[in-house]
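Q:
In our numbering, the protein residues as written are 2 to 602.
#1: Please classify residue 563: is it buried, with 16 or more other beta-carbons within 10 angstroms of its beta-carbon, or exposed?
#2: Using a threshold of 7 Å, state whether the C-beta atoms of residue 308 and residue 328 are closer than that.
#3: Within the same chain, show all residues whose beta-carbon is closer than 7 Å to that of residue 338, passing over the 5 residues directly before and after it, in chain order.
#4: On the premise that residue 394 lies in contact with residue 424, defined as a C-beta separation below 8 Å, what is that separation, rounded to the nearest angstrom?
#5: Using the C-alpha atoms, what's the distance from residue 508 back to residue 291?
#6: Helix, strand or coil for residue 511 per DSSP?
#7: Quickly, what does DSSP pair residue 557 with across the bridge? List them, please.
#8: In chain order, what residues of the same chain have a beta carbon less than 7 Å from the beta carbon of residue 474, not counting five sequence neighbours either side?
#9: Should residue 280 go down as buried or exposed, given a rule of 16 or more other Cβ atoms within 10 Å for buried?
#10: Between the beta-carbon of residue 255 and the beta-carbon of residue 269, is there less than 7 Å?
#11: Which of the three DSSP states, helix, strand or coil, is assigned to residue 188?
#12: In whole angstroms, what separates the C-alpha of residue 325 from that of residue 551?
#13: By how many angstroms is the C-alpha of residue 249 removed from the C-alpha of residue 468?
#14: Tell me whether the beta-carbon of residue 456 lies closer than 7 Å to the beta-carbon of residue 515.
#15: Tell me whether the stretch 16-30 and the stretch 48-68 touch, counting them as touching only if at least three CB pairs, one residue from each stretch, are closer than 8 Å.
#16: Quick check: what's the CA-CA separation for residue 375 versus residue 427?
#17: Tell me which residues share the same chain as residue 86 and place their Cβ nearer than 6 Å to its Cβ, disregarding the 5 neighbours each side in the sequence.
#18: Looking only at its chain, what residues have a beta carbon closer than 6 Å to the beta carbon of residue 80, apart from the 5 residues adjacent to it on each side?
#19: Compute the Euclidean distance between the alpha carbons of residue 362 and residue 222, then round it to the nearest angstrom.
#20: Which residues in the same chain have their Cβ closer than 7 Å to the Cβ of residue 251, if we skip the five residues on either side of it in sequence?
#21: From residue 381 to residue 4, what distance separates their C-alpha atoms?
#22: Excluding the 5 residues preceding and the 5 following residue 421 in the sequence, name in chain order all residues of the same chain whose CB lies nearer than 7 Å to its CB.
#23: Please list, in chain order, all residues of the same chain as residue 409 whose beta carbon is under 6 Å from its beta carbon, the five residues on each side excluded.
#24: Here's the rule: buried if 16 or more other CB atoms are within 10 angstroms of the residue's CB, otherwise exposed. What is residue 512?
#25: Check this for me: beta carbons of residue 211 and residue 150, under 7 Å apart or not?
#26: Quick one, which of 354, 436, 599, 437 has its alpha-carbon nearest residue 416's?
#27: Using beta-carbon positions only, say whether residue 576 and residue 558 come within less than 7 Å of one another.
#28: Residue 578 bridges to which residues according to DSSP?
#29: Hey, how far is the Cα of residue 91 from the Cα of residue 97?
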């Protein structure tokens, strides 16, 4: 008789993952299993059950990751690599995390060991990228000493050529190691974080690395100058915007203020942090932009450009991308107007499919600046260029506030090709100088960039999202205006078109609905006190209360009384507004939002 294995808790864990929206579990059992082989064998069966239940509840992308801890006889003995005494735990798992105190030859030994396995009978053969080799950013026993020396460990793992993956332990080091220093702020953190992951802002800047020596019985390692983390990995663009709309407001998930359509709604003294608001920061503009002359080479160097995240000037959320240009004087005859290409974000694009890209911008400088959006292939040898056409603004469309403006283009790659094409979305920036012999400087702020597939045809009706109702359940009668605010969303088909009724045999449908319905990124919540009877309320005058995401609930917001403005405390009734922001970066107009009136008990 051996230990029985129940699926009960595996099912509970799977349901919890499904309910809370995460993809799986890291199994870290850093305690000895006194039942020995009988217990460890039963554990491997339970791991298989957990993975099966997760894939049922969450999807085929669900993960169960085994951490290098106990071995097959139940003893707690970190191996720092994959080998025969921890292999049985890895086989039913999705991936493997090694401990981080490994010797320099262990990553290669781990790769060779996996390649030596007979996987012909495995239901899902393991791959090298399923092996995550640990590095401690604090340097606790890690090769290279951690911090700005962890590139030494990465060079042995070698994800680009060897194919292994990396597990970073303690990656909050960039904040926690510096947070008590005078003047430390989110901007200070970002500069530090950016240097570790992407490299220094200035080309040629020397990055100090920690003094570190290998163990006495370990061979010496020759490592060159600092290499940022990102350079050790191959470039992977985000999902094709035809499958998942791409949007970024260039947010690292922290900030000082909160902006809605360029207007600052909130400013804090200590800053805020919300991982739900993290977006791409533009993978082609850091650590430094890579400019090229548009429409061919010129007989002069391209301008110098620097990139940073501006937390004091944003379109949506807490930050924007600020690219500053420094242009030397030129004696060329055609230097009165020059044009550069600025790639911002890599994308995976399907040839022959039509996409729409929207970029929200503002500019500053002493020269006339003309900015357009474009897309270029990053694949060498592809002779065909993208067809890019400007989309004019709708008649009567109001200009954007605070000096922001929007550039919209449709684009398509007119080539027959089965595989997606790695491409760059970016800006074509033209600048005119009265005296081109003088040096000039200017800055372009990019507040938002979105890309999504166009409807299959002009006849398709685009479905627009809406907030259709809102309700507040008050905490207590004494705090009528605080409590849980909830709401529901729906869709609208827009104005009704004239339906031509022709022959019953007409094969053309009266209408076709585009099934690509935009989702919501988050919701902003506003409040407004009722005034005298008969006086109408205007949502434009409401006060910002907060935004969703911090508690992981999409259509729910807890109204904390300390977040309400002072004029609300003496009011007999208030109105809460819920404003949606779509996954294409569009802030819903007030006519597509919902409100609820709440009266004091």
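Backbone N, C-alpha and C fix where the C-beta goes; we use that ideal spot for every residue, glycine too.
A: So, from the data block:
#1: To locate residue 563, count along the chain shown from 1; it is residue 562. Answer is exposed; the Cβ neighbour count stays below 16.
#2: Numbered from 1 along the chain shown, position 307 holds the residue referred to as residue 308. Numbered from 1 along the chain shown, position 327 holds the residue referred to as residue 328. No, they are not a contact pair.
#3: Sequence index remark: in the chain shown, residue 338 carries index 337 (1-based). Result list for residue 338: 431, 433, in chain order.
#4: As a working note, residue 424 is residue 423 in the chain shown. As a working note, residue 394 is residue 393 in the chain shown. About 25 Å separates the two Cβ atoms, so there is no contact after all.
#5: Counted from its first residue, the chain shown places residue 291 at position 290. Counted from its first residue, the chain shown places residue 508 at position 507. So the two alpha carbons sit approximately 51 Å from each other.
#6: As a first step, residue 511 must be located in the chain shown, where it is residue number 510. Residue 511: coil per DSSP, three-state reduction.
#7: In the chain shown, the residue the question calls residue 557 occupies position 556. Note: residue 557 sits in a beta bridge opposite 487.
#8: Residue numbering aside, residue 474 sits at position 473 when the chain shown is read from its first letter. If we look at residue 474 and ignore the five residues flanking it on each side, its Cβ neighbours are 484, 485.
#9: Within the chain shown, numbered from 1, the residue matching residue 280 stands at position 279. Under this definition residue 280 is a buried residue.
#10: Translated into positions along the chain shown, residue 255 becomes position 254. Translated into positions along the chain shown, residue 269 becomes position 268. For residue 255 and residue 269, no; Cβs fall outside 7 Å.
#11: Within the chain shown, numbered from 1, the residue matching residue 188 stands at position 187. Three-state DSSP puts residue 188 in a helix.
#12: Indexing the chain shown from 1 puts residue 325 at position 324. Indexing the chain shown from 1 puts residue 551 at position 550. One C-alpha to the other measures close to 33 Å.
#13: Numbered from 1 along the chain shown, position 467 holds the residue referred to as residue 468. Numbered from 1 along the chain shown, position 248 holds the residue referred to as residue 249. Their backbone Cα atoms lie some 22 Å apart in a straight line.
#14: Here residue 456 refers to the residue found at position 455 of the chain shown. Here residue 515 refers to the residue found at position 514 of the chain shown. Yes. Within cutoff.
#15: yes
#16: What you label residue 375 is simply residue 374 of the chain shown in a count that begins at 1. What you label residue 427 is simply residue 426 of the chain shown in a count that begins at 1. So the alpha carbons of these two residues sit roughly 6 Å apart.
#17: Here residue 86 corresponds to residue number 85 of the chain shown, with the count starting at 1. Counting only Cβ-Cβ distances below 6 Å, and skipping sequence neighbours, we find 72, 73.
#18: Sequence index remark: in the chain shown, residue 80 carries index 79 (1-based). Excluding sequence neighbours, residue 80 sits near 69, 87.
#19: Your numbering for residue 362 matches position 361 in the chain shown. Your numbering for residue 222 matches position 221 in the chain shown. Between residue 362 and residue 222, the C-alpha separation is close to 48 Å.
#20: As a first step, residue 251 is located in the chain shown; it is residue number 250 there, counting from the start. The answer, listed in chain order, is 280, 282, 283, 310, 320, 321, 322, 447.
#21: Indexing the chain shown from 1 puts residue 381 at position 380. Indexing the chain shown from 1 puts residue 4 at position 3. Between residue 381 and residue 4, the C-alpha separation is close to 59 Å.
#22: Taking the first residue of the chain shown as position 1, residue 421 is located at position 420. Taken in chain order, the residues that qualify are 241, 349, 350, 351.
#23: In the chain shown, counting from the first residue as 1, residue 409 sits at position 408. So the list reads 359, 392, once near-sequence residues are dropped.
#24: For the purposes of this step, residue 512 is taken as the residue at position 511 of the chain shown. Exposed: under 16 other Cβ atoms inside 10 Å.
#25: The sequence position of residue 211 within the chain shown is 210, counting from 1. The sequence position of residue 150 within the chain shown is 149, counting from 1. Cβ atoms of residue 211 and residue 150: closer than 7 Å.
#26: Locating residue 416 in the chain shown gives position 415, where the first residue counts as 1. Of 354, 436, 599, 437, the residue nearest in Cα terms is 354.
#27: Walking along the chain shown from the start, residue 576 turns up at place 575. Walking along the chain shown from the start, residue 558 turns up at place 557. For residue 576 and residue 558, no; Cβs fall outside 7 Å.
#28: Position 577 of the chain shown holds residue 578. Partner(s): 527, 596.
#29: Position 90 of the chain shown holds residue 91. Position 96 of the chain shown holds residue 97. Computed Cα separation, rounded: 6 Å.
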